[in-house]
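Report on one structure; see the data block that follows.
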Amino acid sequence: MTASRTVVIVTNGREPAEAIAAARAAAPGGTTAAITALVWGPTPPDAGSGSPGEIVGLGNHPAGLLDRVTDVLLPAGLTRALMKSGPGRLVHSLLPSDLGRRVWRRARRMPEAVALLSGARLVIAADPGAVRTAWFALHRLGAERAVIAGQG
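Numbering that gives the first Met the number 0 puts the sequence shown at residues 0 to 151.
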C-alpha cells in the first residue's frame with residue numbers, strides 16, 4: 000500500500016504537535032505515513048524537534064491587501080458582537096474577516112500550502128475555524144479527498 004498524506008488544519012492556537020499525534024492515533028492500522036499540520040500563525044521555532052510530523056505555518060507568509068484592509072476597517076468588537084448570536088455568526092461567515100476565509104486566502108498564496116492540500120488524501124479540520132478552509136481546499140483545488148471536521 001502506498002503512503003498517503005494527511006493534512007491537519009489548526010487555526011485556534013491549539014498545539015500542532017498535539018493535533019498531529021491525535022490524527023496519527025486515529026489513523027486505521029498506521030495507513031497514514033505522512034502527517035502535516037497547517038497552522039494559522041508562524042511555524043513554531045521548535046517545529047522539527049520531537050514533533051510527530053511536519054508543521055507549516057501560514058504566518059510566515061505576509062498578509063494580503065484584503066486582510067490588511069479588513070483589520071483596519073472591521074473592529075474586533077464588531078466581530079465579537081456578531082459571534083454572540085446565530086444570525087450574527089451567519090453574517091460574519093460571509094464577511095472577509097471570517098477566520099476560515101482568511102486562512103484560505105493565506106494558504107492559497109503559499110505554493111507549499113497549496114501543494115500540501117492538493118496532495119492530501121485526508122484533510123482534518125481540527126477546530127471550527129479550519130472547517131471552511133478544508134471545505135475551500137476540497138472544492139476549489141478539485142482533487143478528490145476526504146475531509147473530517149472536528150478532531151477531538
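Glycine included, C-beta positions come from ideal geometry on N, C-alpha and C.
Which class does Met0 belong to by DSSP, given the choice of helix, strand or coil?
Residue confidence for Met0 is low, a pLDDT of 38 falling below 50, so the modelled location carries little weight and cannot support an answer.
So for Gly52, helix, strand or coil by DSSP?
It is coil, neither helix nor strand.
Taking only three categories from DSSP, how would you classify Leu77?
helix
Judging by CA-CA distance, which residue of Ala21, Val38, Ala33 and Ala22 is the nearest neighbour of Arg11?
Here the sequence assigns Asn to residue 11, which means Arg is not the residue at that position. When only C-alpha atoms are compared, the closest one is Val38.
For Gly157 versus Ala36, is the C-beta spacing smaller than 8 Å?
Not covered by the structure: residue 157. The range shown for the chain is 0 to 151.
Report yes or no: do the stretch 125-135 and the stretch 94-109 share at least 3 C-beta pairs separated by less than 8 Å?
yes
Contact check, Val122 vs Ile8 under 8 Å by CB: the rounded distance?
Contact flag correct, Cβ pair sits at about 7 Å.
Cβ-Cβ distance between Gly22 and Thr42 below 8 Å:
According to the sequence shown, residue 22 is Ala rather than Gly. No. Outside cutoff.
From what residue to what residue does the beta strand (DSSP E) around Leu121 run?
For Leu121, the enclosing beta strand (DSSP E) stretches over residues Leu121 to Ala124.
Alpha carbons only, please: which of Arg104, Pro127, Glu111 and Asp126 is nearest the one belonging to Arg139?
Arg104
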